[in-house]
Amino acid sequence: QDAGDSQKDKADRATSDQVLDQRTRMILLQMINRGFVSEVHGAISTGKEANVYGAMLHDDAAGATTHRAIKVYKTAILSFKDRERYITGEHRFKGGFDKGNNRKMVKLWAEKEFRNLRRIYNADIPCPEPISLKLHVLVMGFLGDRKGWAYPRLRDAVLSGDDVDQQWYKLYVQCLGLMRRIYQVCRLVHADLSEYNILYHDGKLYIIDVSQSVEPDHPRSLEFLRMDIKNVGDFFRRKGMDTLADRAIFNFITSPEGAVEEPEMTKVLEHLYETRASTADEDQAQVEVDNEVFRNQYIPQTLEQVYDIEKDAQMVGKGEGNDLVYSNLLPDQLVKPKDAEKKEDEESTSASSDGEGASLDSD
Ligand code: ADP
Ligand code: MG
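Note that the sequence shown covers residues 292 to 654 in the working numbering.
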């Protein structure tokens with residue numbers, strides 16, 4: 292057998308448990324020829340939209356072996372219905388959403404994951420190193436031990452010792468810090484963050500699966516952020532943790548003021564814990580109600596949308612913009628109280644439309 296054939300065998304191993312089409316096998320072969328990997332192994336994970344394979348790169352000169360991971364998006368797709376909401380309104384997808392062309396669409400997803408991963412990696416956030424991309428095949432760094440065992444998902448993490456609660460607490464504040472950093476430094480919202488898309492090793496969290504992440508100017512980014520916050524909170528609450536209110540976390544992540552580095556971010560969160568209203572058992576119900584209200588509140592994404600909403604416009608006009616859920620996203624001059632003369636004006640207007648205001652409040 293010549294070298295070409297044996298390399299082809301190595302690429303074919305990946306097909307033993309999942310049938311890969313000819314095109315994908317050619318790309319894997321190309322990845323081998325270009326030296327991004329030396330051999331492709333079996334699937335680490337098989338999902339609805341993508342499979343992740345283990346791979347190895349041999350550096351013969353150095354006698355070293357590096358593990359890598361290859362994410363192969365499935366081109367024969369099933370349902371991309373759920374994906375549509377992430378693409379609509381995303382300026383990086385101006386071309387739009389061509390349901391008729393799966394292959395092209397899947398290529399866009401892989402591209403998006405690669406670009407998002409690069410941003411997150413460059414911001415020193417623990418995640419796989421983006422290595423190479425070709426059509427729907429993405430080669431990245433492997434998150435696992437030297438024997439090739441992938442780190443567990445946070446969901447499957449097993450903590451031990453007599454300070455397990457303290458360890459969960461640390462992971463929780465670490466996670467919130469990563470979310471803030473992703474938002475402020477990478478200008479991204481993960482948009483599918485949960486214990487399934489975070490890997491855990493030795494006290495450290497790693498962010499994965501970022502193909503659906505969107506920029507803050509996406510019309511639904513804050514809605515996705517709110518969902519990320521809920522998912523993370525739900526998980527840590529199931530671990531018995533006393534979590535911060537969703538609204539406080541939302542403000543922590545989106546506030547342009549303050550640190551985006553550790554250990555400062557953790558200090559801010561510790562301060563939030565200290566200064567919040569007590570959450571003794573009888574207050575826990577109140578916290579849940581507040582979370583529920585927050586989750587259902589309308590969050591405008593742009594100033595244009597702010598002015599679309601009559602109620603919010605009135606509040607901002609009265610200098611009460613500070614009460615808005617997104618107040619820290621508004622320019623200062625909008626939330627500062629207006630000068631006295633203007634204020635009187637507004638008050639007389641709002642007095643005449645009291646009934647209207649009340650009906651809007653009950654939305
Ligand atoms: P999916 O879209 O199928 O959810 P993910 O990117 O979440 O794809 O990857 C699926 C699983 O593959 C992850 O839960 C994780 O266990 C594993 N995995 C993904 N990327 C890596 C990596 N770089 N290193 C190790 N394991 C990984
Ligand atoms: Mg995933």
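Even for Gly, the Cβ is constructed at its ideal location relative to N, Cα and C.
Since we're looking at a predicted model, the values are computed, not measured.
I need the DSSP call for Gly326, collapsed to helix, strand or coil.
coil
Report yes if the C-beta of Asn488 is less than 8 Å from at least one heavy atom of the ligand MG; otherwise report no.
yes
Around the C-beta of Leu311, are 16 or more other C-beta atoms found within 10 angstroms, so that it is buried, or is it exposed?
buried
Among His492, Phe526, Leu424, Pro547, whose alpha-carbon lies nearest the alpha-carbon of Gln463?
First, the amino acid is wrong: residue 463 is Tyr here, not Gln. Comparing Cα positions, the closest option is Phe526.
With a cut-off of 8 Å on the beta carbons, I'd call Val363 and Ala346 a contact; round off their distance for me.
Rounded, the Cβ-Cβ distance is 11 Å, inconsistent with contact.
Residues of its chain near Arg446, where Cβ-Cβ distance is below 7 Å and the 5 sequence neighbours each way are ignored:
Glu486, Tyr487
Enumerated in chain order, which unbroken segments of the beta strand (DSSP E) with a length of 3 residues or greater are wholly contained in the region 420-444?
421-425, 428-432
The beta strand (DSSP E) enclosing Lys495, as first and last residue numbers:
495-498
DSSP state of Gly333, grouped into three classes?
strand
Identify, in the order they occur along the chain, each residue of the same chain with its Cβ nearer than 8 Å to the Cβ of Ile499, setting aside the five sequence neighbours on each side.
Cys418, Pro419, Leu434, Asn488, Ile489, Leu490
Given 8 Å as the limit, tell me if Ile411 has its C-beta closer than that to any heavy atom belonging to the ligand MG.
no
According to DSSP, which residues form a beta bridge with Arg359?
Ala346, Gly432
By the 10 Å Cβ neighbour count, where 16 or more other Cβ atoms means buried, how is Ala353 classified, buried or exposed?
exposed
Whose CA, out of Tyr474, His358, Ala536, lies closest to the CA of Trp440?
His358
Do Lys365 and Val397 have their beta-carbon atoms positioned less than 9 Å apart in this structure?
yes
Check Ala414 in the structure and name its three-state DSSP category.
coil
Does Tyr344 pass the burial test, meaning 16 or more other C-beta atoms within 10 Å, or should it be called exposed?
buried
Does DSSP put His562 in a helix, a strand or coil?
helix
Would you mind working out which of Leu516, Lys438, Lys495, Asp350 sits nearest Val505, comparing C-alpha positions?
Leu516
Buried or exposed for Tyr589, please, with buried defined as at least 16 other CB atoms from any protein chain shown within 10 angstroms of its CB.
exposed
Alpha carbon to alpha carbon, how far is Glu555 from Arg538?
20 Å
Run through DSSP, which three-state label would Ile318 get?
helix
Given 8 Å as the limit, is there contact between the region 311-323 and the region 475-483, that is, 3 or more CB pairs closer than that?
no
Helix, strand or coil for Ala576, going by three-state DSSP, please let me know.
helix
What does the Cβ neighbour count give for Glu583, buried or exposed, with the cut at 16 atoms within 10 Å?
exposed
So what's Ile590 in DSSP terms, helix, strand or just coil?
coil
What's the call for Ser657, buried or exposed, on a 16-neighbour Cβ count within 10 Å?
Past the edges of the chain, shown from 292 to 654, lies residue 657, and the structure says nothing about it.
Does DSSP classify Val455 as helix, strand or coil?
helix
Mapping DSSP to helix, strand and coil, what is Tyr487?
coil
Report, in whole angstroms, the separation of the C-beta atoms of Lys530 and Trp459, which I expect to be a contact under 8 Å.
5 Å
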